[in-house]
Amino acid sequence: MRRYWLGVLGVPMLLVLAPVARGGEKAVDTPTVVVRVKSLDALLQNLNLVVKLVGQEEAAHQIEGLVKSRIGKKGLEGIDPARPFGAYVRFGKAIDEVNGAILIPLVDDKTFLALLDNLSVKYVEDKDGIYTTKYKNVDLYFRFAHKYLFITSVNTDSIQKKNLPDPAKALALAGDATIAIVARVDQIPDDAKLIALAQLEEAIQAAQKKAQPGETKVQADFRVALLDDAHKIAKNMIREAAEIRFDLDISDRS
Numbered sequence: 009m010r011r012y013w014l015g016v017l018g019v020p021m022l023l024v025l026a027p028v029a030r031g032g033e034k035a036v037d038t039p040t041v042v043v044r045v046k047s048l049d050a051l052l053q054n055l056n057l058v059v060k061l062v063g064q065e066e067a068a069h070q071i072e073g074l075v076k077s078r079i080g081k082k083g084l085e086g087i088d089p090a091r092p093f094g095a096y097v098r099f100g101k102a103i104d105e106v107n108g109a110i111l112i113p114l115v116d117d118k119t120f121l122a123l124l125d126n127l128s129v130k131y132v133e134d135k136d137g138i139y140t141t142k143y144k145n146v147d148l149y150f151r152f153a154h155k156y157l158f159i160t161s162v163n164t165d166s167i168q169k170k171n172l173p174d175p176a177k178a179l180a181l182a183g184d185a186t187i188a189i190v191a192r193v194d195q196i197p198d199d200a201k202l203i204a205l206a207q208l209e210e211a212i213q214a215a216q217k218k219a220q221p222g223e224t225k226v227q228a229d230f231r232v233a234l235l236d237d238a239h240k241i242a243k244n245m246i247r248e249a250a251e252i253r254f255d256l257d258i259s260d261r262s
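Throughout the sequence shown, residue numbering follows the working numbering, covering 9 to 262 in sequence.
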């Protein structure tokens with residue numbers, strides 16, 4: 009009998025005392041928040057397991073076949089399905105000093121641009137190799153570097169050459185989880201933490217006041233107490249934690 013399980017790992021490791029820069033790494037390579045996906049292949053494998061779990065094995069086979077049929081020597085439309093992808097955010101000393109980008113591994117830049125052309129996506133390239141396009145009236149900026157596609161918005165600061173992290177270091181999180189999220193809380197400015205604490209308190213109070221349909225007094229008291237405890241834990245993490253990590257993986261074991 010085959011059984012499926014969902015493993016959520018790393019939650020007990022909420023307080024990890026990690027230095028901001030390790031072993032000579034540049035600060036640019038140690039972003040404040042990192043979301044890393046092991047690979048497109050691993051993500052699709054997890055998706056297949058979820059689809060099979062709900063009894064749709066045929067749909068899982070169709071998804072797998074469709075993806076494999078699109079992967080050639082130049083990857084999936086220029087995208088490398090075997091390497092990590094994700095996103096990062098960096099904070100400076102001031103609350104408004106924040107930037108970041110999405111990172112997508114590439115096999116071939118020209119193949120990816122051909123994909124945009126086939127999708128009728130219009131873009132222009134400037135003298136520094138930064139491309140600009142629009143999505144729903146929002147300017148998006150992207151460039152190719154280190155065999156990755158860097159995508160950002162608002163402005164191009166994050167993807168100027170001097171600010172580009174090495175993806176191999178920026179996405180180098182310990183462990184083998186399909187999805188990993190790390191927040192280096194000790195890099196977040198105090199002003200930003202105060203804003204986060206105020207918004208958290210406001211959200212918790214609103215949730216405590218909002219009665220649930222058919223809720224008894226005992227259930228209401230439990231909900232309020234549970235939210236109060238969650239509030240205390242979250243406040244301690246924001247104030248005291250050096251690093252917060254969340255790992256998500258889906259596996260199939262016989």
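Ideal Cβ positions, reconstructed from N, Cα and C, are used throughout, including at glycine.
Compute the distance between the beta-carbons of residue 141 and residue 257, then report whether it is under 8 Å.
Cβ atoms of residue 141 and residue 257: not closer than 8 Å.
I'd like to know whether the C-beta atoms of residue 105 and residue 191 end up nearer to each other than 8 Å.
No, these two residues do not count as a Cβ contact at 8 Å.
Just how far apart, CA to CA, sit residue 115 and residue 248?
One C-alpha to the other measures close to 41 Å.
For residue 153, collect the residues of the same chain with a Cβ closer than 7 Å to its Cβ; drop the 5 residues on either side in sequence, then sort them by chain order.
The residues are 172.
Name the one or two DSSP bridge partners that residue 175 has.
Beta-bridge pairing links residue 175 to no other residue.
Is the number of C-beta pairs between the region 95-104 and the region 135-151 that are closer than 8 Å three or more?
Contact between the region 95-104 and the region 135-151 is absent, because fewer than three Cβ pairs lie under 8 Å.
Have a look at 109, 255, 92 and flag the residue whose alpha-carbon is nearest the alpha-carbon of residue 165.
Among 109, 255, 92, the Cα nearest to that of residue 165 belongs to 109.
In its own chain, which residues sit with a C-beta less than 7 Å from the C-beta of residue 91, not counting the 5 before and 5 after it?
Here the set comprises 47, 113.
Thinking just about the alpha-carbon of each residue, which of 221, 219, 211, 226 is nearest to the one in residue 238?
Ranking 221, 219, 211, 226 by Cα distance to residue 238 puts 211 first.
At which residue ranges does the region 167-233 contain complete beta strand (DSSP E) runs of 3 or more residues, listed in the order of the chain?
187-191, all fully within the region 167-233.
Given a cut-off of 8 Å on the beta-carbon distance, is the pair residue 189 and residue 45 in contact?
No, the Cβ-Cβ distance between residue 189 and residue 45 is not below 8 Å.
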